[in-house]
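Worksheet for the structure shown next.
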Amino acid sequence: MSNIKKFLYVNRKAPYGTIYALESLEVVLIGAAFDQDVSLAFLDDGVFQLTKGQDTGAIGVKNFSPTFRALGDYDVTKLFVERESLEERGLSEGDLQEIVYEDEDDDWAEKPSIKIVSRAEMADIMSGQDVVLSF
Amino acid sequence: MSYQINGHTVEHDEEGYITTLSDWTKDLAEEIAKSENVDMTDEHWAVVNFLRDYYDEYQIAPAVRVLIKAIKKEMGPEKGNNKYMYELFPYGPAKQACKIAGLPKPTGCV
Amino acid sequence: MSTLHTVNKSPFTNGALLSCLKHCKPGDAVLLIEDGVYGALAGSSVAGAVSDSLEDVTLYVLGGDASARGLDDGKVLSGAKTVGYDGFVDLVVDHARTQAWL
Numbered sequence: 000m001s002n003i004k005k006f007l008y009v010n011r012k013a014p015y016g017t018i019y020a021l022e023s024l025e026v027v028l029i030g031a032a033f034d035q036d037v038s039l040a041f042l043d044d045g046v047f048q049l050t051k052g053q054d055t056g057a058i059g060v061k062n063f064s065p066t067f068r069a070l071g072d073y074d075v076t077k078l079f080v081e082r083e084s085l086e087e088r089g090l091s092e093g094d095l096q097e098i099v100y101e102d103e104d105d106d107w108a109e110k111p112s113i114k115i116v117s118r119a120e121m122a123d124i125m126s127g128q129d130v131v132l133s134f
Numbered sequence: 000m001s002y003q004i005n006g007h008t009v010e011h012d013e014e015g016y017i018t019t020l021s022d023w024t025k026d027l028a029e030e031i032a033k034s035e036n037v038d039m040t041d042e043h044w045a046v047v048n049f050l051r052d053y054y055d056e057y058q059i060a061p062a063v064r065v066l067i068k069a070i071k072k073e074m075g076p077e078k079g080n081n082k083y084m085y086e087l088f089p090y091g092p093a094k095q096a097c098k099i100a101g102l103p104k105p106t107g108c109v
Numbered sequence: 000m001s002t003l004h005t006v007n008k009s010p011f012t013n014g015a016l017l018s019c020l021k022h023c024k025p026g027d028a029v030l031l032i033e034d035g036v037y038g039a040l041a042g043s044s045v046a047g048a049v050s051d052s053l054e055d056v057t058l059y060v061l062g063g064d065a066s067a068r069g070l071d072d073g074k075v076l077s078g079a080k081t082v083g084y085d086g087f088v089d090l091v092v093d094h095a096r097t098q099a100w101l
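Following this line, the structure appears as structure tokens:
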């Protein structure tokens, strides 16, 4: 359908120091009702949003890292994470939580939602969008 | 504003959603349902339990279409549809069932 | 079609400008606004990186924000172009998308 646009949500902030990350996730969940072609980009400190083992018990705010695993239910299945941003922070793919979606068109097979991409690939992804929303 | 249940007081907001999620009990769910004019059957409980499990795992109450898709997958198409859900919860499955389940109002629920 | 990038943070406290420049495609435009205008300072520690990117990217500075901060033309990198609010609107219209670097 021609009225489907490509939306990219760009996440560049760590999860709890500011409200950007949580706000982004809420906009993604609400925006999912509009059935658009949605991708999420994680670069710079945004890669910290997806790390394993977050426990906010002692700081009195909600741990929203499990919510990323619900995105597949909302047909949000493309999470691009920038390799250079991970490496600059001493992280690798193994430090990120596993996020999968069930592919309706492939007998509900579980497939990974996270795709690690290079900075050059990230630039291509950004330049291929109709709308870029930054957080 | 509060519900009174077994001698306890449970605070809720102006729309009836409880303010402290850990206050929830099955008895409280029955009480909230009563105030919503909903008679809790096994079918109602199946939805409420699903919502609580979903929240426990993902820290959000699912959107209606996500709820219906999941119920359809788990319990079949005769239950996983809008009509059935609205028969169980006439004021909206997400809004009303979440309230009974002791969850916050779903994200994106207008 | 190319992208208009906006940057509103000082490059001396925030990595937005450098990250933005690394993700630009040839033909893109970068518009510095608010504290982002400090990124156009000549002779600064980021001036080299900004100047290098001018080969592929056009750099704009929002004049009102620069003036407010005392950045006159003599203090700004020679390749940077100053625009007003009307020029900002033209840039948005002339690019396929606008991406904010916050």
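Protein chains in written order, with numbering that gives the first Met the number 0: chain H, 0 to 134; chain V, 0 to 109; chain E, 0 to 101. Positions of the beta carbon are idealized from the N, C-alpha and C atoms, including for glycine.
Check your understanding: What are the residues of the stretch 38–67 of chain H that lie near chain C, defined by any Cβ-Cβ distance shorter than 8 Å?
Key -> Absence of chain C from the displayed structure is noted, the protein chains being H, V and E.
Point to revise | Nearest-angstrom Cα separation, counted from residue 50(V) out to residue 63(V) | key: Residue 63(V) and residue 50(V) have their C-alpha atoms some 11 Å from each other.
Review point. Are the C-beta of residue 21(H) and some C-beta of chain V separated by less than 8 Å?
Key: Residue 21(H) has a beta carbon lying at 8 Å or more from every beta carbon in chain V.
Point to revise | Under 8 Å by beta carbon: chain H residues contacting residue 83(V) | key: For residue 83(V), no chain H residue has a C-beta closer than 8 Å to its own C-beta; the minimum C-beta separation is roughly 19 Å.
Check your understanding: Using 8 Å as the Cβ pair cut-off and three pairs as the minimum, do the stretch 30–46 of chain H and the stretch 23–33 of chain V touch?
Key -> Contact fails: fewer than three Cβ-Cβ distances are below 8 Å.
Check your understanding: Skipping 5 residues on each side, what residues in its chain have a beta carbon closer than 6 Å to that of residue 115(H)?
Key -> Within the same chain, Cβ atoms closer than 6 Å to the Cβ of residue 115(H) are found at 80, 82, 92, the five residues on either side in sequence being excluded.
Exercise for review: Using a Cβ-Cβ cut-off of 8 Å, state whether residue 131(H) counts as contacting chain E.
Suggested key: Cβ-Cβ to chain E under 8 Å: yes for residue 131(H).
**Study point:** Expected contact under 8 Å - CB spacing of residue 55(E) and residue 19(E) to nearest Å
**Key:** That belief does not hold up - the Cβ atoms of residue 55(E) and residue 19(E) are roughly 13 Å apart, past 8 Å.
Review point. Residue 100(H) lies in the beta strand (DSSP E); which residues open and close that run?
Key: Annotation: the continuous beta strand (DSSP E) that includes residue 100(H) extends over 99–102.
Exercise for review: Write down every uninterrupted run of the alpha helix (DSSP H) in the stretch 32–59 of chain V whose length is 4 residues or greater and which is fully enclosed by it, in chain order.
Suggested key: Every alpha helix (DSSP H) of 4 residues or more that sits fully in the stretch 32–59 of chain V is shown, in chain order, as 41–57.
Review point. If you run the structure through DSSP and keep just helix, strand and coil, what is residue 6(E)?
Key: DSSP places residue 6(E) in strand when its eight states are reduced to three.
Check your understanding: Does the distance from the CB of residue 90(E) to the CB of residue 28(E) come in under 8 Å?
Key -> Yes. Within cutoff.
Review point. If we ignore side chains and look at the alpha-carbon of each, how far apart do residue 55(V) and residue 55(H) end up?
Key: Straight through space, the alpha carbons of residue 55(H) and residue 55(V) are spaced by roughly 15 Å.
**Study point:** Proximity winner among 96(H), 105(H), 119(H), 25(H), relative to residue 112(H) (alpha-carbon distances)
**Key:** Across the set 96(H), 105(H), 119(H), 25(H), the C-alpha of 96(H) shows the shortest separation from the C-alpha of residue 112(H).
Check your understanding: Which term fits residue 92(V), buried or exposed, when burial requires 16 or more other beta carbons within 10 angstroms of its beta carbon?
Key -> With a threshold of 16 other beta carbon atoms within 10 Å, residue 92(V) meets it and is buried.
Check your understanding: Nearest to residue 80(E) by alpha carbon, out of 50(E), 1(E), 25(E), 9(E)?
Key -> Nearest to residue 80(E) by alpha-carbon distance, out of 50(E), 1(E), 25(E), 9(E), is 50(E).
Check your understanding: Rounded C-beta distance between residue 31(E) and residue 39(E)? I'm assuming under 8 Å.
Key -> The C-beta distance from residue 31(E) to residue 39(E) rounds to 6 Å, short enough to meet the 8 Å contact threshold.
**Study point:** C-alpha gap between residue 109(V) and residue 69(E), whole angstroms
**Key:** Residue confidence for residue 109(V) is low, a pLDDT of 44 falling below 50, so the modelled location carries little weight and cannot support an answer.
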